[in-house]
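Note that the protein sequences, when read in sequence, are chains A and B. Using our numbering, the letters of the first sequence correspond one by one to residues 1 to 252. Using our numbering, the letters of the second sequence correspond one by one to residues 1001 to 1243. Built from N, CA and C at the ideal position, the CB exists for glycine as well. Below is one structure, written out as structure tokens; the observations come after it.
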Amino acid sequence: MRSAWCCSIGVALFTASVSLGAVSAPPFSFSLAADGVAGGGNVADFGTVVQTAPTEWLFQGSYHGNSGTALSWIYLVDPDPFVTGTFTVTNETTTTRDYVLDFVLPVSPALTASLLSGQVSGTLTDSDGSGSALLTSISGGFVYSALADDSIVQGLMANALQQVTSVNGTTSFSGGSFGFPVPVSGPSINSSIGIRFAFSLSAGDSASFSSVFVANPIPAPSVLVVGCLLGVGSRKRDTRVTDYADRFARRS
Amino acid sequence: MTLNPFHHSQVRSTSVALLVGLFVSGPAFGAFAPGGFSVAVVSTAGSTTPTNTVAPVSATTWAATGGWTFGGASVSWTNNTQGWNSLTSTGFTSGNVVIRNESAAAQDYTITIGMTGVAAGPLVVSGSVGGQFLNTSFGLGSLTSSGPLWSALVDGATARNEFNNTLVFAQPFQIISLGNANFSNVVVPTSTASTLAIRLSVRMSAGSEASFTSTFAFQAVPAPGAIALITVAGMFGRRLRRR
Chain A
1 MRSAWCCSIG VALFTASVSL GAVSAPPFSF SLAADGVAGG GNVADFGTVV
51 QTAPTEWLFQ GSYHGNSGTA LSWIYLVDPD PFVTGTFTVT NETTTTRDYV
101 LDFVLPVSPA LTASLLSGQV SGTLTDSDGS GSALLTSISG GFVYSALADD
151 SIVQGLMANA LQQVTSVNGT TSFSGGSFGF PVPVSGPSIN SSIGIRFAFS
201 LSAGDSASFS SVFVANPIPA PSVLVVGCLL GVGSRKRDTR VTDYADRFAR
251 RS
Chain B
1001 MTLNPFHHSQ VRSTSVALLV GLFVSGPAFG AFAPGGFSVA VVSTAGSTTP
1051 TNTVAPVSAT TWAATGGWTF GGASVSWTNN TQGWNSLTST GFTSGNVVIR
1101 NESAAAQDYT ITIGMTGVAA GPLVVSGSVG GQFLNTSFGL GSLTSSGPLW
1151 SALVDGATAR NEFNNTLVFA QPFQIISLGN ANFSNVVVPT STASTLAIRL
1201 SVRMSAGSEA SFTSTFAFQA VPAPGAIALI TVAGMFGRRL RRR
């Protein structure tokens, strides 16, 4: 009887794992505003998406929707949730442009409380050989903002100013981090996480950002209580087993 | 606008056009063809043909966007390349390459981005590279290079090496900035050049990603004859303006 139960549980677990593997990609989306001109959509519609693990997807693509702006990306996401990857934007116009770029991922399941960590790093390049390139914050704000349910929960690179002063030159910048090595506490997250990039970029130049935003659930108190009870229960059982073993040893 | 044969700007543009005409009437490689851009990927993950789309950005510059994927390893790029200018033997390539290893083991990658044409040497080259390494695995990630990670090549010969013997480690979900390197006014003593290229050679651990932005530009060192011709043209233009 017991073996039949084990078999049925095993079959159920196998079926669950197979169906998990076939889960469709989450609706990971982006929006790009270039000097207020908006564009964007579902990331999967502008490239490829590959499932790399039961809950992880790799998105690659490019976008030329806003006139004079070239955008390309490669992002690994997990609705469990994290968002991490790299994008490159090139301002192909003749004037400095303000960019606001959001990458947003629906979360599943919702997090009643969260632990957050994030980081950003990048490069700025004089792509047109003019001898200079400039990347700055917009009105001194964050270049990187971690979003939870469309609200900013953490920010990096406030008052940023990165510049290149040599022809065809490149500069690298480490934009800082939060929650490394110890994650910081965050809010409950019900619908989505994301990363917002907001910056001004000089004409003819390129910027590339690699970034991470991870939200880990904090176990709810009830889960902790259940965990404690399970721990106490197994300890008690271990003690009983030991007692039985002792008795058996004494008898023999 | 009425045509005034003695207007300064018109005289200047006439003499410049004459000069351009003299040079362009020779070899006809002033117009850049998209076929002049090439990408090759060699990886221990396996072998397959990259996909690449080339579209014009301006009259002389083309944007190449493409990718290569095999066995969990992938490379994607967006690269702008300017055509070889027959007047000055100038050109450049500038862009971003993202390398990703989603396979279960460390992989080697060699990516070569080339531009082809005919340039009269000697050349003066300049360029730069910068990048970052991102570990998206739950173990320690690493990026290494045996020798130069980034090289600028002229007809297969090294013009410049950067990021020699790189060794970088990253904790899970950590980004490491690889820094940047810039160079300019490096003279390449070649009489002619037909292929200029950027090469990235790197080994990356499973579940990691590296992004590199780099530029490579070249310009011919003006020959004495060309300098004399430009001087004569300038004097000719000045004389016209005086009249």
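Please tell me whether residue i has its Cβ less than 7 angstroms away from any Cβ of chain B.
i        : result
A/Leu253 : What is shown of chain A runs 1 to 252, which leaves residue 253 of chain A out entirely.
A/Asn42  : no
A/Val212 : yes
A/Thr86  : yes
A/Gly227 : For A/Gly227, the predicted structure reports a pLDDT of 49, less than 50, and the residue's modelled location is therefore unreliable. A value from the coordinates is still provided. By this cut-off, A/Gly227 is not an interface position.
A/Pro183 : no
A/Asp150 : no
Provide the residue span of the beta strand (DSSP E) that contains residue i, from first to last.
i         : result
B/Arg1143 : Correcting the residue type first, residue 1143 of chain B is Leu in the shown sequence and not Arg. Run containing B/Leu1143: Gly1141 to Thr1144, per the beta strand (DSSP E) assignment.
A/Asp78   : Thr69 to Asp78
B/Glu1209 : Ser1208 to Ala1220
A/Ser31   : Ser29 to Ala34
A/Phe46   : A/Phe46 -> no beta strand (DSSP E), and no H or E assigned at all.
A/Asp102  : Arg97 to Pro106
B/Asp1108 : Gln1107 to Ala1120
B/Asn1185 : Gln1174 to Val1188
A/Gln154  : Ser151 to Leu156
B/Val1168 : Leu1167 to Ala1170
B/Val1057 : Run containing B/Val1057: none; DSSP gives neither H nor E here.
A/Gly186  : Val184 to Gly186
B/Phe1163 : Ala1157 to Asn1164
A/Ile218  : A/Ile218 -> no beta strand (DSSP E), and no H or E assigned at all.
A/Gly194  : Ser192 to Leu201
List the residues of chain A whose Cβ lies closer than 9 angstroms to the Cβ of residue i, in chain order.
i         : result
B/Asn1080 : Ala70, Thr90, Glu92, Ser127, Asp128 and Ser206
B/Ser1191 : Within chain A, no residue comes near B/Ser1191; the closest Cβ sits about 24 angstroms away, beyond 9 angstroms.
Quick check: is the beta carbon of residue i nearer than 7 angstroms to any beta carbon in chain A?
i         : result
B/Thr1136 : yes
B/Phe1037 : no
B/Phe1163 : no
B/Gly1091 : no
B/Val1154 : no
B/Arg1160 : no
B/His1007 : Residue confidence for B/His1007 is low, a pLDDT of 36 falling below 50, so the modelled location carries little weight; the figure read from the coordinates is stated next. Chain A, which has no Cβ nearer than 7 angstroms to the Cβ of B/His1007, makes this no.
B/Asn1185 : no
B/Ser1043 : no
B/Gly1071 : no
B/Ser1146 : no
B/Phe1032 : Interpretation of B/Phe1032 is limited by its pLDDT of 47, a score under 50 that renders its predicted location unreliable; the figure taken from the coordinates is listed afterwards. No, its Cβ sits nowhere closer than 7 angstroms to a Cβ of chain A.
B/Ser1254 : The structure shown does not extend to residue 1254 of chain B, since chain B spans only 1001 to 1243, so no value can be given for it.
Name the chain B residues that come within less than 7 angstroms of residue i, Cβ to Cβ?
i        : result
A/Ser121 : Gln1132, Ile1175 and Ser1177
A/Ser300 : Since the first residue of chain A shown is 1 and the last is 252, residue 300 of chain A is not available in this structure.
A/Thr52  : Glu1102
Against residue i, what residues of chain B qualify as contacts under a CB-to-CB distance less than 9 angstroms, listed in chain order?
i        : result
A/Ser117 : Phe1173
A/Leu58  : Ser1074, Arg1100 and Glu1102
A/Phe180 : Gln1171, Phe1173 and Gln1174
Does the beta-carbon of residue i, which I'm using as the reference point, lie nearer than 6 angstroms to any heavy atom of the ligand NAP?
i         : result
B/Val1188 : For the ligand NAP, the structure offers nothing, since it holds no ligand at all.
For a contact defined as C-beta to C-beta under 8 angstroms, what are the partners of residue i on chain A?
i         : result
B/Thr1215 : Thr125, Asp126, Ser127, Gly129, Asn168, Gly169 and Thr170
B/Val1168 : Result: empty, since nearest Cβ-Cβ is about 12 angstroms, beyond 8 angstroms.
Quick check: is the beta carbon of residue i nearer than 7 angstroms to any beta carbon in chain E?
i        : result
A/Thr125 : Given the protein chain composition of this structure (A and B), no chain E is represented.
Could you list which residues in chain A have their beta carbon closer than 7 angstroms to that of residue i, in chain order?
i         : result
B/Gly1127 : Asn168
task: Report yes or no: do the segment 1107-1115 of chain B and the segment 1193-1211 of chain B share at least 3 C-beta pairs separated by less than 8 angstroms?
output: yes
field: the segment 1162-1172 of chain B touching the segment 1062-1073 of chain B, judged by at least three CB pairs closer than 8 angstroms
entry: no
Interfacial residues, the segment 156-174 of chain A to chain B, with Cβ spacing under 9 angstroms: Val164, Ser166, Val167, Asn168, Gly169, Thr170, Thr171, Ser172, Phe173 and Ser174
- prompt: When you check each C-beta in the segment 1194-1212 of chain B against every C-beta of chain A, which residues fall closer than 7 angstroms?
  reply: Glu1209 and Ser1211
Touching by the beta-carbon criterion (3+ pairs, under 8 angstroms), the segment 136-148 of chain A and the segment 1133-1151 of chain B: no
- prompt: What residues in the segment 1105-1125 of chain B bring their beta carbon closer than 8 angstroms to a beta carbon of chain A?
  reply: none
message: Three or more C-beta pairs under 8 angstroms: does that hold for the segment 94-109 of chain A against the segment 74-81 of chain A?
response: yes
Three or more C-beta pairs below 8 angstroms linking the segment 1196-1216 of chain B and the segment 153-160 of chain A: no
message: Count Cβ pairs between the segment 47-55 of chain A and the segment 175-184 of chain A that sit closer than 8 angstroms; are there 3 or more?
response: no
- prompt: Of the residues that make up the segment 1044-1062 of chain B, which ones have a beta carbon closer than 7 angstroms to any beta carbon in chain A?
  reply: Val1057
- prompt: Would the segment 1035-1045 of chain B and the segment 1168-1180 of chain B be scored as touching if the rule is three or more Cβ pairs under 8 angstroms?
  reply: no
Segment contact flag, the segment 1062-1082 of chain B with the segment 1181-1191 of chain B, C-beta cutoff 8 angstroms, min 3 pairs: no
message: I want to know whether the segment 1094-1111 of chain B touches the segment 1152-1163 of chain B - three or more CB-CB distances under 8 angstroms.
response: no
- prompt: Are there three or more Cβ pairs, one per stretch, closer than 8 angstroms when the segment 1203-1217 of chain B is compared with the segment 1122-1138 of chain B?
  reply: yes
task: Decide yes or no for the touch test of the segment 200-220 of chain A against the segment 108-115 of chain A: beta carbon pairs closer than 8 angstroms, at least 3 of them.
output: yes
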